[in-house]
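Enquirer: In numbering that gives the first Met the number 0, the protein residues as written are 0 to 325.
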Amino acid sequence: MRRAPAFLSADEVQDHLRSSSLLIPPLETALANFSRGSDGGVMQPVRTVVPVAKHRGFLGVMPAYSASEDALTTKLVTFYEGHSSMSTVPSHQASVLLFEPSNGSLLADGTFLIVFPSSKVMDGNVITAKRTAAVSAIATKFLKPRDSEVLCILGAGVQAYSHYEIFTEQFSFKEVRMWNRTRENAEKFASTVQGDVRVCSSVQEAVTGADVIITVTMATEPILFGEWVKPGAHINAVGASRPDWRELDDGLMKQAVLYVDSREAALKESGDVLLSGADIFAELGEVVSGAKPALCEKTTVFKSLGMAVEDLVAAKLVYDSWSSGK
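(1) Report the rounded CA-to-CA distance for Asp146 versus Val196, giving the unit in angstroms.
(2) Considering just the uninterrupted stretch of the beta strand (DSSP E) at Asn341, what are its terminal residues?
(3) Do you know offhand how far Leu316's Cα is from Leu16's?
(4) Any idea which residues DSSP pairs Cys151 with across the strands?
(5) Excluding the 5 residues flanking Glu80 on each side, which residues of the same chain have their C-beta closer than 6 Å to its C-beta?
(6) What are the boundary residues of the beta strand (DSSP E) that Ala138 is part of?
(7) Would you report the Cα separation of Val12 and Ser94, rounded to the nearest angstrom?
(8) For Glu285, name the three-state secondary structure that DSSP assigns.
(9) Return helix, strand or coil for Phe78, following the three-state DSSP convention.
(10) On the DSSP letters alone, give me the boundaries of the alpha helix (DSSP H) that Ser65 sits inside.
(11) Considering only DSSP beta bridges, list what Tyr258 is partnered with.
(12) Identify which residue in Leu266, Val48, Ala70 has its Cα closest to the Cα of Val76.
(13) Excluding the five sequence neighbours on either side, which residues of its own chain have a C-beta within less than 8 Å of the C-beta of Val215, listed in chain order?
(14) Are the CB atoms of Ser288 and Arg35 nearer to each other than 9 Å?
(15) In the DSSP assignment, find the alpha helix (DSSP H) that holds Gln92 and state where it starts and stops.
(16) Assuming Cys199 contacts Arg176 (C-beta within less than 8 Å), just tell me the rounded distance between them.
(17) Give me the residue from Phe188, Glu220, Ala66 with the minimum Cα distance to Gly270.
(18) Within 10 angstroms of its Cβ, does Pro50 collect 16 or more other Cβ (buried), or is it exposed?
(19) Does Leu274 come out as helix, strand or coil in the three-state DSSP assignment?
(20) Give the straight-line distance between the Cα atoms of Pro44 and Leu26, rounded to the nearest whole angstrom.
(21) Could you pull out every residue in the same chain whose Cβ sits closer than 8 Å to the Cβ of Pro100, ignoring the five residues on either side in sequence?
(22) Tell me which residues share the same chain as Leu22 and place their Cβ nearer than 7 Å to its Cβ, disregarding the 5 neighbours each side in the sequence.
(23) Where does Asp319 sit, in a helix, a strand or coil, going by DSSP?
(24) Between Met306, Lys53, Thr73, Phe141, which lies nearest to Val211 when the distance is taken from Cα to Cα?
(25) Would Asp310 pass as a contact of Glu282 if the rule is Cβ separation under 9 Å?
(26) In the DSSP assignment, the alpha helix (DSSP H) including His162 goes from what residue to what residue?
(27) State buried or exposed for Asn337, treating a residue as buried only when at least 16 other CB atoms are found within 10 Å of its CB.
(28) My guess is that Ser20 and Glu226 are in contact by the Cβ rule of under 8 Å, so how many angstroms apart are they, rounded?
(29) Tell me the DSSP secondary structure of Ala70 in three-state form.
(30) In chain order, what residues of the same chain have a beta carbon less than 8 Å from the beta carbon of Tyr258, not counting five sequence neighbours either side?
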């Protein structure tokens, strides 16, 4: 007989995943396994999207099973572009459901971590922010130019904070620059994080001479142009997750060596890829496994759409940490 479910708040989930850096080793394994296809033991269809056009939003469903983790999860994520920066409701909301793979019992779901005797529930917003930043850090480890000194972040939302946290843990940049469409939010970011951040007045000012650029914006049209980007720079393109949305222009997409998390997803969901006609060189998992080279001497773009197996890895880590402390 099941006990009444316990609930872990977002703060409690955060306690079991204090550093995104903890995710790097298991995520590297998961990325490599995913890119091995059926031999890697990862079953993950492309995200199913249900448009809610009346309210300018959508619901995404992201299931995955990993044989190596023996874990089964689904993430439910919503995005509503009409939310203003002053809204108390975030534009992105997510819930991760963790199941017992041997019998299908629910272990976890939601904005909170719901725990049955054999099951659990976790804050999907924390999971999404941290696993996305960790995957960007993995891409940057392999693709950034040598002796990188300048980091630039475009956008000042949740993903900007999670990326700043792990990038300043994992790398030694001498300068960090920030741009946001609303300067007030960029200045708030700079005053909130630990470390010096230079707030720039334009994208061009922010990215000129930068070695590593992270785009985590709500843009639907290009904001980053190839003519502004230093040859040999690395770009993590994290925003623009729909087939008609873009952050990067054609020139940058075509002049750079393009890496993605999933070929199948990029060719279905990424406006940056689809609208530019850029050729995909490799999946990140192929680089991690050594199947494809990291051409860090060239300008590189990692187009991150986010994958369900990444949520799985993070949810399993939180679940195991919680279980060990019961």
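Backbone N, C-alpha and C fix where the C-beta goes; we use that ideal spot for every residue, glycine too.
Expert: On the basis of the coordinates in this document:
(1) The alpha-carbon separation between Asp146 and Val196 amounts to approximately 19 Å.
(2) Outside the shown range of the chain, which is 0 to 325, sits residue 341, and nothing can be said about it.
(3) Computed Cα separation, rounded: 8 Å.
(4) When DSSP reads this structure, Cys151 sits in a beta bridge with Arg176, Ile212.
(5) Residues Arg55 of the same chain have their beta carbon placed closer than 6 Å to that of Glu80, with the five preceding and five following residues left out of the count.
(6) It is not in any beta strand (DSSP E) - Ala138 instead sits in the alpha helix (DSSP H) that spans 123 to 142.
(7) Going by C-alpha positions, Val12 is about 12 Å away from Ser94.
(8) In the three-state scheme derived from DSSP, where H, G and I count as helix and E and B as strand, Glu285 is classed as helix.
(9) The answer is strand: DSSP assigns Phe78 an E or B state.
(10) According to the DSSP assignment, Ser65 belongs to no alpha helix (DSSP H) but to the beta strand (DSSP E) extending over 56 to 65.
(11) Bridge partners of Tyr258: Ala281, Phe301.
(12) Among Leu266, Val48, Ala70, the Cα nearest to that of Val76 belongs to Val48.
(13) Closer than 8 Å at the Cβ level, and outside the excluded window around Val215, lie Ile152, Leu153, Gly154, Gly156, Gln158, Ala159, His162, Val237, Gly238.
(14) Closer than 9 Å, so yes.
(15) Here Gln92 belongs to no alpha helix (DSSP H); instead the beta strand (DSSP E) covers 91 to 98.
(16) Correct: roughly 5 Å between the Cβ atoms.
(17) The shortest CA-to-CA distance from Gly270 to any of Phe188, Glu220, Ala66 is the one to Glu220.
(18) The residue is exposed, with fewer than 16 neighbouring Cβ atoms inside 10 Å.
(19) Collapsing the DSSP output to three states places Leu274 in coil.
(20) Cα to Cα, the separation comes out at about 18 Å.
(21) Tyr64, Asp69, Ala70, Leu71, listed in sequence order.
(22) Here the set comprises Lys129, Arg130, Ala133, Val312, Ala313, Leu316.
(23) Here Asp319 sits in helix by DSSP.
(24) The candidate whose alpha carbon is nearest that of Val211 is Phe141.
(25) The answer is no: Cβ separation not under 9 Å.
(26) Counting along the chain, His162 sits inside the alpha helix (DSSP H) bounded by residues 157 to 169.
(27) As shown, the chain starts at 0 and ends at 325. That puts residue 337 outside it, with no answer to give.
(28) Actually they are not in contact, since the Cβ atoms of Ser20 and Glu226 sit about 34 Å apart, beyond 8 Å.
(29) Collapsing the DSSP output to three states places Ala70 in a strand.
(30) Excluding sequence neighbours, Tyr258 sits near Ala138, Leu142, Ile279, Phe280, Ala281, Glu282, Leu283, Val286, Thr299, Val300, Phe301, Lys302.
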